[in-house]
Amino acid sequence: MSAHTSIFAPGKVAVITGAASGIGRAAAERLSAQGMKVVLFDRDEAALAAVAQQVGGGARWMAGDVSRYEDLESLKDLAYDAFGEISLLMNNAAIGGQGSDNWTGLDAWRRILEINLWGVIHGVHAFTPALLEQDAPAAIVNTGSKQGITNPPGVPAYGVSKAAVKTLTEQLAHGLREAGGAVTAHLLIPGWTHTAMTGSGEKPAGAWSAAQVVGAMVEGVTAGDFYILCPDNQVTPALDKARVRWSVEDLIENRPALSRWDPAWKDRFEAFIAHETQG
């Protein structure tokens with residue numbers, strides 16, 4: 272059994288933020304079902320309590336706000352007091368990007384960054400020293416987004432927050448590698464996922480379920496992957512890779528910013544995608 276496999280073994284402990292709904296709730300359900308102990312965190316106290324009751328198995332939970340560092344310190348203390356060791360930390364809590372554009376909606380910008388970026392920073396700072404000290408295999412999974420990589424226009428504050436999470440997690444992975452030990456970092460990159468953030472009602476045919484994203488996360492961490500790039504029922508892995516490549520090459524080729532959405536580059540982008548995804 273590899274160190275990464277043992278992280279998900281029965282009896283191991285997962286701490287999950289944003290656990291009252293969406294990917295966080297699906298993670299709580301999946302991991303508890305396979306025998307892990309879960310410690311759950313979210314702002315929505317009533318929904319969080321319901322998830323904890325549903326998953327059972329001695330689940331611990333705490334309502335709080337990831338934008339407050341002291342809440343993450345309290346969460347760490349709760350987890351270690353209850354179980355003595357943690358094998359998985361999912362910094363997953365996030366909010367959507369509505370209510371902001373590039374130069375208005377300052378309060379919305381601030382709140383999005385407080386939750387989506389500072390919430391992850393707080394989780395990393397609160398838990399990483401203890402994870403290193405416990406001298407046991409552990410993984411830190413930060414939830415990013417394709418919007419933080421290909422950077423589509425429309426919700427800039429959200430895109431900025433998720434681009435920063437990508438950079439943060441890359442730096443964290445390098446730092447943990449340099450530190451030695453058995454703690455690793457991973458970037459979970461969901462595709463179109465049906466959650467309360469992305470929509471309500473029946474899941475669209477093109478979207479993945481949150482449970483599918485969690486399944487990909489477990490497989491990716493077990494395999495030792497850093498980038499866990501999830502497809503969906505509408506976007507294939509080949510299309511994902513082509514879009515990422517085009518975005519990176521905006522810089523290399525000195526194209527206009529976000530050229531994929533520039534009408535002057537529309538035909539060239541579509542020809543590139545067709546070439547990269549053929550066959």
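Counted the way the numbering used here counts, the sequence shown spans residues 272 to 550. Glycine included, C-beta positions come from ideal geometry on N, C-alpha and C.
First and last residue of the uninterrupted alpha helix (DSSP H) at residue i
i, result
"Phe543", "537-548"
"Phe354", "340-354"
"Phe552", "Absent from the model: residue 552. The displayed extent of the chain is 272 to 550, so no value can be given."
"Asp521", "508-523"
"Ser303", "293-304"
"Glu529", "For the sequence presented, residue 529 should be read as Leu rather than Glu. Where Leu529 is concerned, there is no enclosing alpha helix (DSSP H), given that its DSSP letter is neither H nor E."
"Ala321", "316-326"
6 Å Cβ shell around residue i - same chain, five flanking residues per side excluded
i, result
"Gly306", "Pro281"
"Leu510", "Thr548"
"Ala456", "Ile411, Thr440, Leu443, Ala444, Leu447"
"Ser530", "Asp521, Trp536"
"Ala297", "Ala481, Ala482, Val485"
"Asp342", "Gly335, Asp336"
"Ala364", "Thr288, Gly289, Val337, Gly390"
Boundaries of the beta strand (DSSP E) in which residue i is found, first to last residue
i, result
"Ala285", "284-288"
"Pro310", "A quick correction: the sequence has Val, not Pro, at residue 310. Unbroken beta strand (DSSP E) run through Val310: 308-313."
"Ile499", "498-500"
Opposing strand residues paired with residue i [DSSP bridges]
i, result
"Arg448", "DSSP output for Arg448 lists no bridge partner at all."
"Trp332", "Leu311"
"Asn552", "Residue 552 lies beyond the stretch modelled for the chain, which goes from 272 to 550, so this question has no answer here."
"His465", "Ser480"
Cut-off 7 Å between Cβ atoms - residues of its own chain near residue i, not counting five sequence neighbours on either side
i, result
"Val515", "Ile420, Thr421"
"Tyr498", "Leu458, Ile460"
"Pro424", "Leu529, Trp532"
Neighbourhood of residue i by C-beta distance below 8 Å, restricted to the same chain and skipping five residues each side
i, result
"Gln325", "Glu300"
"Leu349", "Val310, Arg331, Met333"
"Phe543", "Ala513, Trp517"
"Phe398", "Val286, Leu343, Lys347, Ile357, Leu360, Ile411"
"Ser277", "Lys283, Ser358, Pro408"
8 Å Cβ cutoff, residue i in contact with chain C
i, result
"Ala304", "Of the protein chains in this structure there is only one, and it is not chain C."
Problem set entry | the segment 444-462 / the segment 402-418 touching (three or more Cβ pairs under 8 Å) | yes
For this session: Say whether the segment 323-330 touches the segment 375-392, bearing in mind that this needs 3 or more beta-carbon pairs closer than 8 Å, one atom from each stretch.
Result: no
Exercise. Are the segment 474-483 and the segment 432-443 in contact at 8 Å, needing three or more beta carbon pairs?
Worked result: no
Exercise. Is the segment 519-535 touching the segment 493-509, taking contact as three or more C-beta pairs under 8 Å?
Worked result: no
Problem set entry | Segment contact, 8 Å Cβ cut-off, at least three pairs: the segment 393-413 with the segment 351-363 | yes
For this session: Specify whether the segment 347-356 and the segment 396-405 touch according to this definition: at least 3 beta carbon pairs, one from each stretch, less than 8 Å apart.
Result: They touch, by the three-pair rule.
Exercise. Touch check for the segment 386-393 and the segment 336-344: three-plus C-beta pairs under 8 Å?
Worked result: yes
Exercise. Could you give the uninterrupted runs of the alpha helix (DSSP H) lying entirely in the segment 383-409, keeping only those of 4 residues or more?
Worked result: 389-404
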